[in-house]
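For reference, the structure is listed below as structure tokens.
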Amino acid sequence: MRRVTVRKSSVHGRGVFALQAIAAGQRILEYRGEVTSWRRACDRHRRSGVPGHTFIFGLADGRVIDGSVGGNSARWLNHSCQPNCEAIEDERGRVFVETLEDVMPGDELCIAYGLTIDKAMTRELIADYACRCGAKRCTGSMLASTGGSRRRQ
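With full-length UniProt numbering as the guide, the letters of the sequence shown map in order to residues 1 to 153.
Below you can see the structure in the form of structure tokens.
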């Protein structure tokens with residue numbers, strides 16, 4: 001029985017939603033796609049002509065999972081400043097999404113992106129990474145506040 005589905009999201013574009021109740025601490029999805037270098041994934045993204053929308057998930061060893069190639073529904077997870085899920089990288093470089101709290105049918109599943117960027121901060125860049133999660137304690141940004149552990153850009 002499927003536990004999640006992808007559909008239109010009020011946060012941004014598409015999102016991942018629970019089809020049934022899921023208890024806290026449950027592994028829901030693996031973030032899948034081609035494991036490659038940052039350079040190759042970024043070059044591919046630039047050639048795609050779709051600015052500001054990527055499926056790149058950074059790994060601890062410097063490589064990335066590019067969900068635009070062979071990716072699954074996990075690539076549609078949206079960001080929230082108060083996420084109900086987290087992405088956990090295992091010792092083999094696989095990334096799994098697990099619930100942080102009980103999730104009810106119809107809830108959108110979200111993670112905190114904690115994006116890091118290697119460019120000088122400009123108003124335009126800050127605007128590109130504005131958060132629209134609507135959480136009570138929204139920080140206003142998908143960027144990591146102090147060099148977060150996730151590097152999904």
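We treat Cβ as the ideally placed atom computed from N, Cα and C, and that holds for glycine. None of these values were measured; they are calculated from a predicted model.
- Task: Give the DSSP-derived three-state secondary structure of residue 149 in the structure shown.
- Result: In this prediction, residue 149 has a pLDDT of 42, which is less than 50 and means its spatial position is unreliable; nothing more can be read from the coordinates.
- Query: For residue 29, which residues of its own chain have a beta-carbon under 6 angstroms away from its beta-carbon, when the five flanking residues on both sides are left out?
  - Reply: 74, 97
- Task: Label residue 72 either buried or exposed according to how many other C-beta atoms from any shown protein chain fall within 10 Å of its C-beta, with 16 as the threshold for buried.
- Result: exposed
- Item | Whole alpha helix (DSSP H) elements within the UniProt domain "SET" (2-114), 4-residue minimum | 38-48
- What does a CB cutoff of less than 8 angstroms around residue 7 pick up in its chain, not counting 5 residues either side in sequence? 14, 15, 17
- Residue range of the alpha helix (DSSP H) that includes residue 128: 123-128
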